[in-house]
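Residue numbers (this note's numbering), protein chains in the order written: chain A, 198 to 715; chain B, -17 to 176. A virtual CB, placed ideally from N, CA and C, is assigned to each residue, including glycine. Here the structure is a predicted model, which is why all the values come from computation and not from measurement. What follows is a single structure, written as structure tokens, with notes after it.
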Amino acid sequence: MATRSVEAVIVGSGAAGSLIAAKLSQAGRQVLILEAGPERSASSLISSQIWARRLKWAGPPIETGGKDPLSVGFGSGWGTGGAAVHHYACWFRLHPEDFEMQSRFGKGLDWPMSYADLRPYYDQVQREVGIAGDAAQEVWRPDGEPYPMPPLPLFSQGRLIARGFEKLGLRTSPLPMAINSVPYNGRPACIFDGWCDAGCPINALVNPLVVYLPQARRAGAEIVHNSAVTRVLTSPNGDRATGVEYFDAQGRRQVVDARVVILAAYAFEIPRILLNSRNGGLANSSGTLGRYMMAHTTSNIYGLFKEETENHLGMTGGQLLSQESYAKTPAKGYVASSQWLIGNALKPNDLLGIGNTRPDLFGEPLHAFLRTAAHHLATMTFVGEGLPDPDNRLVLTEKKDRHGFGLARVTHQFGPDGLKCWAAGIAEGKAVFQASGAYEVWAGGRAQMHTLGGAIMGMSPRTSVTNSYGQTHDVPNLFLAGSSLFPTAGAVNPTFTLSALALRSAQQILRSWPSLSI
Amino acid sequence: MNDEPHHRDTPSAGKTRREFFVEGGGLVVFALSAGCGELTPKQARERGVAFKVLNEKEGRALEALGDTLLPGAAAAGITHYVDHQLASATPLLILKYMDYPASFLDFYKQGLAALDRLAHARYGRVFSEISAAQRTDLVREISQNVPAEWSGPPAPLFYFVTRNDAVDVFYGTQEGFAKLDIPYMPHIAPKEPW
């Protein structure tokens, strides 16, 4: 066993970990990042849906169960930059009501902060990474600085679907995306070839490889790959983190001593590491560690048009946005938000590919459908809120990983509000496509996207794992980062919010460094 | 896997894309070899390359299933593609996205055995030896239900996964995109051999 000492050790090199690494190292702190997966660079991002599967989780298996099992493989990351390397860069702010669900509606949970508290961090991250959009046209958008880049262009399927929204009196706006519409901060503009899902090697799409990890490295941060962190190590009474234990590429046990420990790992791994760190779970005096695992409901609406839809062009995340149904209005019969991501670029194969839009077809009818759909299919993606439920939970099983630590099992099911919201959304989506002139309209099955919760933040140490800075209530020099912290899910893709939270955490760590690093 | 730098133009991208790569920091186009020699799945099949983990009976069943799911998938090399991926430490099969809790190799071996048993129970012959119409009937059945005679991974999941393998190998390549008359437009082109 080897031991080394650093000032701060960060577990995970994804969106949150890389941002915190950059800020701490730029402030002169000695930072080591431990990444479970292999090293990746822009040249690793091959334009192929098949090759892109290398970018997904290949760590310890995670059992999923319950009525609506969470998805582990598809949205995960494996290697430098984590899941953000292949994310779709749909960057939204949560709405003020998402932070106050319990107070306003008597459902879900409250965050230990308001939108106003987080807004400056959204603004700063937005300036640093660059977002393309139209703040004026995005009428549902919470207060914030205008986007620094004009919106990305529309292609045929976006225009066709927008026609349906307009006929129903529903508004759309350009989709806010962390993708360059014009050169920004030394990075080039997007060329709209729809390979976002396989990773963007030209650096037009923001990911850790192109913004915060280079900044961190330039400031002296070190990253060690193939390092599987198994436990946070603590003082005997468990009230102070002393570092982490990990196993290197050769399977050798290593220890890093650190004054501050930051877990910014995969959302399933943060609770697993903490549960393995101490009997009953480290930083778990509240008993909420592993609870409140959440996801968004999702389905796609599909339509065939007689016009060419150009679905091979654009961005995987879409072209347009509609949040007309975002407001949590109890009069709807449920309390949950939703939005539409309109006009997703498509490829023939893979889980979200054209072939799977009609999974019932096989044989010659599948060929015929693909030949038609490659030119005439349009789609939009529903994102719906799943509410926090303590029984949606990650626990350790009797099974062990190859180093002898407990594996995770997660059970999850959506509650009635989330399901009603989804059903209303699908009905609305079909109506939009019919109004837009599609000659055939159908909806895909319900699925789950984004993994949230499991180590939530809150005001009280009795009901949450961390405070608003991701600082664990029980262990002051142990911080958590990423979507695990979210007490509610909202109905927006989480990367912008988890980045803003990470920035806020980093500033707090630096402010309180003297007391943390005793 | 080996990463082999491979300077190459991207014909579908045209001048703008070439200029972009030059102006955008001199990105070289990489290609990969995943170890099926230097052969594509189609070439491996044509040359009769021996399977690594599947046996001949399983290979015949998967070829017949592939062509039932998507005619031409057998000639495109679905069996060599699946066999090669299953022999890899990090298979790139769509099964990776299904959060399947057990061995990938067992998933295919048990699924193909179940398919042969089902065909035999219904028609007295293994799947590769029954008629095209009979294969279509069985595939339609497993796409929706778990037949009483089925013993293996869930039949609809086996259908979904192998159907995706067929689409991957037939349409998930530059050649496949061309068959649909859509441009591939790679930033970094995948090498054709798997």
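Below the 7 Å Cβ cutoff, chain B contributes Tyr153, Leu162 as neighbours of A:Leu567, in chain order. Note that the C-beta distance between A:Glu582 and A:Ala688 is below 8 Å. In terms of beta-carbon proximity, A:His422 stays away from the interface with chain B, with every pair separated by 8 Å or more. Distance between B:Tyr153 and B:Pro138, taken at the CA atoms: about 22 Å. Against chain B, a Cβ distance below 9 Å from A:Arg250 picks out Thr72, Pro73, Leu74, Leu75, Ile76, Lys78, Tyr79. Chain B has no Cβ within less than 8 Å of the Cβ of A:Asn497.
Annotation for A:Met656: no beta strand (DSSP E) segment contains it, and DSSP assigns it neither H nor E. When the Cα atoms are used, A:Gly615 and A:Thr495 turn out to be separated by approximately 10 Å. Looking at A:Pro258, A:Met346, A:Phe271, A:Ile259, the one whose alpha-carbon comes closest to that of A:Arg251 is A:Phe271. Shortest Cα-Cα distance from B:Arg27 to any of B:Val151, B:Tyr166, B:Lys173 involves B:Val151. Taking 8 Å as the threshold, the shortest C-beta distance from A:Lys253 to chain B falls below it. Taking a cut-off of 8 Å for Cβ pairs, the stretch 124 to 131 of chain B and the stretch 28 to 41 of chain B do not touch, as fewer than three such pairs fall below it.
A:Thr200 counts as exposed, since fewer than 16 other C-beta atoms from the protein chains shown sit within 10 angstroms of its C-beta. Remark: C-beta atoms of A:Gly327 and A:Val407 do not approach each other more closely than 8 Å. Interface with chain B (8 Å Cβ-Cβ cutoff): A:Asn541 is excluded. Taking 8 Å as the upper bound on Cβ-Cβ separation, chain A lies near residues Thr50, Leu51, Leu52, Pro53 of the stretch 39 to 53 of chain B. Boundaries of the alpha helix (DSSP H) harbouring B:Asp98: 86 to 105, taken from the DSSP string. Between A:Leu538 and A:Val580, the beta carbon gap of about 6 Å places them in contact (Cβ cut-off 8 Å).
With its beta carbon less than 8 Å from one in chain A, B:Ile170 belongs to the interface. Excluding sequence positions up to five before and after A:Ser633, its CB lies within less than 6 Å of the CB of Leu357, Ile358, Arg360, Gly361, all in the same chain and listed in chain order. With a contact defined as Cβ atoms closer than 8 Å, A:Gln451 and A:Tyr443 qualify at about 5 Å. Following the DSSP letters along the chain, one finds A:Phe579 inside the beta strand (DSSP E) bounded by residues 574 to 581. Straight through space, the alpha carbons of B:Val143 and A:Ser661 are spaced by roughly 40 Å. Going by DSSP, A:Met646 is part of no alpha helix (DSSP H) but of the beta strand (DSSP E) stretching over 644 to 649. Here B:Val108 is not near B:Leu51, since their CB atoms are 8 Å or more apart. Straight through space, the alpha carbons of A:Leu472 and A:Ser215 are spaced by roughly 24 Å.
In this model, B:Tyr63 and A:Gly262 are separated by some 30 Å (Cα to Cα).
When the alpha-carbon of A:Ala239 is set against those of A:Val228, A:Ile247, A:Gly276, the nearest one is in A:Gly276. Counted as a single uninterrupted DSSP element, the alpha helix (DSSP H) harbouring A:Arg469 occupies residues 466 to 474. For A:Pro411, the three-state secondary structure derived from DSSP is helix.
By the CB criterion at 8 Å, A:Ala401 and A:Leu675 fall outside the cutoff. About 7 Å separates the Cβ atoms of A:Pro405 and A:Gly279, confirming a contact at the 8 Å cut-off. Residue contact check for B:Val64 against chain A: no CB pair falls below 8 Å. Residues of chain A whose Cβ lies closer than 7 Å to the Cβ of B:Thr118 are, in chain order, Gly560.
Under a 10 Å Cβ-count criterion, A:Gly655 is classified as buried, with 16 or more other Cβ atoms of the shown protein chains found around its own Cβ.
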